[in-house]
Amino acid sequence: MHINAWADLTCPWCCLGRHRLQRALELWEADGRERPEVIWHPYQVDPMAPRIAVPRDEEAARRREELHSAETRAAFLAELAEAEGPGFAWRPRWRVSTFDAHRLEALARRHGGNALQDAVKSELLRAHFVRGENLGDHAVLAAAAEAAGFRHAREALATGEGGAQVRAESARGATVGVTAVPTFVVGRRALAGAQDPEAILDFLRQAADDRRSDPPGDGAQPLGTVQAPDPVAAYREAGRLLEAREPLEALRVLQPWSGEFGGDSAVLLLTARCYFASAQLRRAEEVLRRIVEANPTDDYARFMLGRCLQRQTRREEARVHLRIAVSLNPSPEYADALARVGG
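Dropping the structure here:
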């Protein structure tokens, strides 16, 4: 049996959900059954989080925590403390994009299979929640990978590998109906939320016995899942539409939020990608120039700007931005694009 699990790395319910899944698998093995393989897939609860980490907005975090009672929070932390052992502390400090951390997980699975991927996930969760480290820092990611036994992570991250896989698996999650995390999928059944180990065990027994034929996600939404606010849902839907080669529809979804969130770098980049995919090259160029002006070290925006200029047959200008992109990130994709305009 394989369990396909969608989760994020800065989501506290995903942290708890992984611990509960591990406990459920121990109970499963105690029944004399073979332990299922767990395959982790990416989901970004905060897809508009910046690539360069910023300190958490403690006031916003406090307001979110007020949605749960003090008793719920205390029980949550007590359960994690028991799982983590002596010295446990809860100290997430950074708001940052988890894209590269998800890329590391994908690379770990590619290099060492599901067991290595799970070990890397465990170390990344501990880095963010227990040690308060920045998951946008490649040195932090490489150290977590090393602790999990992934010896060549720093080199793999530097190549830019795994980005396409993260985007594809995120899109796959949308197609199977993943709207909250953690979500566990076995066959045609899905279980969302940080459910108790006994509930997860029940779910696995039902999946193994194949007693029902309900579609994934049918029924009430479990308590304790992370629901995306409207702008985040719109962003995620627009990304899914772009992956499905519907850039004009993606732009339509983004349009109502362009005023309030139009200055957000993630929204701008997605908008530029939609313009590029729909051959609105001048508009794409305008947005991409805004991004690189605000953040000159954004390698992907530089790469996209170079491609945009190349498609307008402005090779000399394209070469400038592609050279900068390659100097920031020696990705083979960037190097190939640079070679196409004469290096």
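Heads up, the sequence shown is in my numbering, so the first residue is 1 and it goes up one at a time.
Glycine included, every Cβ here is placed at the ideal spot set by N, Cα and C.
Computed from a predicted model, the values in this text were never measured in an experiment.
Scanning its chain for C-beta atoms nearer than 7 Å, with the 5 sequence neighbours on each side dropped, one finds around L322 the residues F303, G306, Y334, A337, L338, V341, in chain order. In the three-state reduction of the DSSP assignment, A244 falls in the coil class, being assigned neither a helical nor a strand state. Counting the other CB atoms within 10 Å of its CB gives T297 a total below 16, which places it among the exposed residues. Uninterrupted alpha helix (DSSP H) stretches at least 4 residues long and entirely within the stretch 171–215 occur at 197–209, given in chain order. Excluding residues up to 5 positions away in sequence, nothing lies with its Cβ nearer than 6 Å to the Cβ of E26 in the same chain. Beta-bridge partners of I39 (DSSP): N4. In this structure, the straight-line span from the alpha carbon of R35 to that of G113 is close to 15 Å. For V54, DSSP records a beta bridge to R95.
Short of 8 Å from the beta carbon of F203, and not among the five residues preceding or following it, lie these beta carbons of its own chain, in chain order: F184, V186, R189, L191, Q195. L328 and V178 have their alpha carbons spaced roughly 34 Å apart. For the pair L309 and I52, the Cα-to-Cα distance works out to about 26 Å.
Taking one beta carbon from each stretch, the stretch 236–249 and the stretch 273–283 have 3 or more pairs nearer than 8 Å; the two touch. Under the rule that a run must span 4 or more residues, the alpha helix (DSSP H) segments found entirely inside the stretch 237–300 read 247–254, 258–261, 265–277, 281–294. Closest by C-alpha distance to V166, out of E79, P47, A325, is P47.
Apart from sequence neighbours up to five positions away, the residues of its chain that approach L201 with a beta-carbon distance below 7 Å are A24, L27, W28, ordered along the chain. Residue A301 holds the alpha-carbon nearest to the alpha-carbon of R289 among S278, A301, Q280. Contact check for W94 and F129: beta-carbon distance about 11 Å, past the 8 Å limit, so the pair fails to qualify. Where Q312 is concerned, there is no enclosing alpha helix (DSSP H), because DSSP gives it neither an H nor an E. Nearest neighbour of F99 by Cα position, chosen from S122, G160, Q255, E293, turns out to be G160. Boundaries of the alpha helix (DSSP H) harbouring W28: 12–30, taken from the DSSP string. At the C-beta level, L9 and L124 come within 8 Å of one another. N329 sits in coil when the DSSP states are folded into three classes, being neither helix nor strand. Contact annotation: W40 and D118 have beta-carbon atoms nearer than 8 Å. Just measuring C-alpha positions, the residue of E243, W257, I324, P92 sitting nearest R172 is E243. In this structure, the beta-carbon distance from H102 to P55 does not fall below 8 Å.
Per DSSP, H152 is not a residue of any alpha helix (DSSP H), being assigned neither H nor E.
Under the three-state reduction of DSSP output, N114 falls in the helix class.
Check the Cα spacing between P92 and each of A199, A30, R131, E317: the tightest is with R131.
By alpha-carbon distance to E198, the top candidate from A30, V176, C14 is A30. C-alpha of E146 to C-alpha of C15: approximately 20 Å in a straight line. Taking 8 Å as the cut-off, the beta carbon of S97 is found no closer than this to the beta carbon of A153.
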